[in-house]
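Written out below as structure tokens is the structure these notes cover.
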Amino acid sequence: GGSDETVEETRTFPDAANQLEGACYCGAVTVKATAAPEAVAICHCSECRKWSGSLGQLVTLFKAENVVVEGDLVEFKHPSATTAVGDGTKNNSIRRCCAKCYGCVTNDGQGSWDGLRDICGGILGSAKWEPTMHLNYPLSVVCFKDGLPKYKGFPAGFGGSDETVEETRTFPDAANQLEGACYCGAVTVKATAAPEAVAICHCSECRKWSGSLGQLVTLFKAENVVVEGDLVEFKHPSATTAVGDGTKNNSIRRCCAKCYGCVTNDGQGSWDGLRDICGGILGSAKWEPTMHLNYPLSVVCFKDGLPKYKGFPAGFGGSDETV
Numbered sequence: 004g005g006s007d008e009t010v011e012e013t014r015t016f017p018d019a020a021n022q023l024e025g026a027c028y029c030g031a032v033t034v035k036a037t038a039a040p041e042a043v044a045i046c047h048c049s050e051c052r053k054w055s056g057s058l059g060q061l062v063t064l065f066k067a068e069n070v071v072v073e074g075d076l077v078e079f080k081h082p083s084a085t086t087a088v089g090d091g092t093k094n095n096s097i098r099r100c101c102a103k104c105y106g107c108v109t110n111d112g113q114g115s116w117d118g119l120r121d122i123c124g125g126i127l128g129s130a131k132w133e134p135t136m137h138l139n140y141p142l143s144v145v146c147f148k149d150g151l152p153k154y155k156g157f158p159a160g161f162g163g164s165d166e167t168v169e170e171t172r173t174f175p176d177a178a179n180q181l182e183g184a185c186y187c188g189a190v191t192v193k194a195t196a197a198p199e200a201v202a203i204c205h206c207s208e209c210r211k212w213s214g215s216l217g218q219l220v221t222l223f224k225a226e227n228v229v230v231e232g233d234l235v236e237f238k239h240p241s242a243t244t245a246v247g248d249g250t251k252n253n254s255i256r257r258c259c260a261k262c263y264g265c266v267t268n269d270g271q272g273s274w275d276g277l278r279d280i281c282g283g284i285l286g287s288a289k290w291e292p293t294m295h296l297n298y299p300l301s302v303v304c305f306k307d308g309l310p311k312y313k314g315f316p317a318g319f320g321g322s323d324e325t326v
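Sequential numbering of the sequence shown, starting at 4, is according to my numbering.
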């Protein structure tokens, strides 16, 4: 349903002050910081992927006294209490979402970064983020060739081993991509065929719902995918929401009813007959996105040589315009 217009990889961003205020997908929960974050990183641990449904969590760590979160939240603490990440470090995560739209808001860990609050960076403004590192990179499902340090787990400053790994890594067999589960495992997904398309969407809706740098979109034919388990859903009050090129799309976003992890984004109009499964919950094999959607709304630059669409490509009813 988009214009199919693409845009350039390198783009201009609003003033960075916009990063210090934000809101969840529906706007019921607001966040305001009085100082810049202590650190900005992309975390690739399976917990962050399966909670956000994305390719990783955009971690912004603020001193607790410098950030205020207002609004009704629901929370989930993984039954394992402490969950091992890339280098064996353990971290107690209490993940909190908006009680209305279930958009990801905070991941308050205990131990690894006491005194700091992890605000999901995707909900904060629209200015450019400058991540300085990747966390738990061996668990990533997309390669990032950006020259930033790739930690096996956490750096020493966050109680980790400080061990780094190479940017290029090996991945499990791709067949693992066709099965997956939400953060707590109560909702399962199984596909019988490969997706029709894989993309990274940067629209504000996807960012504010997942709390991440963008949604890892995997579009399957509806008859080729089965989702089982109790879900809660939210349809934005605006019903149709404009994206990068003015295209409108009715999104019904569904999360696990237990852990509130992102599971599906079932749009109407732009890709009738297809189901958008949040790619972060599917296995641990490498994904090969072929395009970026709504790239002018991105908060992190991707220098990967892929087409950067202003909205959607012509195949999805867009303008096909790139930037």
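Idealized CB from N, CA, C, for every residue including glycine.
Keep in mind that this is a model prediction, so the values were computed, not measured.
Outcome for residue i when other beta-carbon atoms lying within 10 angstroms are tallied against a minimum of 16
| i | result |
| --- | --- |
| P82 | exposed |
| A84 | With a pLDDT of 47 at A84, under the threshold of 50, the modelled position of this residue cannot be trusted; read the value that follows with caution. A84 is exposed by the Cβ-count criterion. |
| A87 | Confidence is the limiting factor: at A87 the pLDDT is only 48, short of 50, which leaves the residue's position unreliable, though a coordinate-based value still follows. Flag for A87 reads exposed. |
| K37 | Rather than Lys, the amino acid found at residue 37 in this sequence is Thr. Under this definition T37 is an exposed residue. |
| E324 | buried |
| D121 | buried |
| T221 | buried |
| V71 | exposed |
| G276 | exposed |
| I280 | buried |
| A26 | buried |
Contact belief for residue i with residue j at Cβ below 8 Å, rounded distance in angstroms
| i | j | result |
| --- | --- | --- |
| V228 | R278 | 5 Å |
| V77 | C100 | 6 Å |
| Y186 | K53 | 4 Å |
| L23 | K66 | So it is not a contact: roughly 13 Å between Cβ atoms. |
Range of the contiguous beta strand (DSSP E) that encloses residue i
| i | result |
| --- | --- |
| R120 | 119-123 |
| Q60 | 60-66 |
| I45 | 42-46 |
| C281 | 277-281 |
| L138 | 136-138 |
| V70 | 70-73 |
| T33 | 33-36 |
| I203 | 200-204 |
Extent of the continuous alpha helix (DSSP H) to which residue i belongs
| i | result |
| --- | --- |
| C51 | 49-55 |
| R210 | 207-213 |
Interface flag, residue i vs chain B, CB-CB below 7 Å
| i | result |
| --- | --- |
| G30 | Here chain B cannot be found, since the structure has a single protein chain. |
Beta-ladder partner(s) of residue i, from DSSP
| i | result |
| --- | --- |
| I97 | K80, D111 |
| E226 | DSSP, once it has assigned bridges, lists no residue as partnering E226. |
| G217 | The partner list for G217 (beta bridge, DSSP) is empty, contrary to what the question assumes. |
| T267 | R257, I280 |
| L127 | G25 |
| T195 | Partner(s): none; T195 has no beta bridge. |
Would the stretch 184-203 count as touching the stretch 59-66 if we require 3 or more Cβ pairs under 8 Å?
no
Any contact between the stretch 232-239 and the stretch 287-294? By contact I mean 3 or more CB pairs, one from each, below 8 Å.
no
Indicate whether the contact test is met: 3 or more Cβ pairs, each with one atom in the stretch 200-213 and one in the stretch 125-136, closer than 8 Å.
yes
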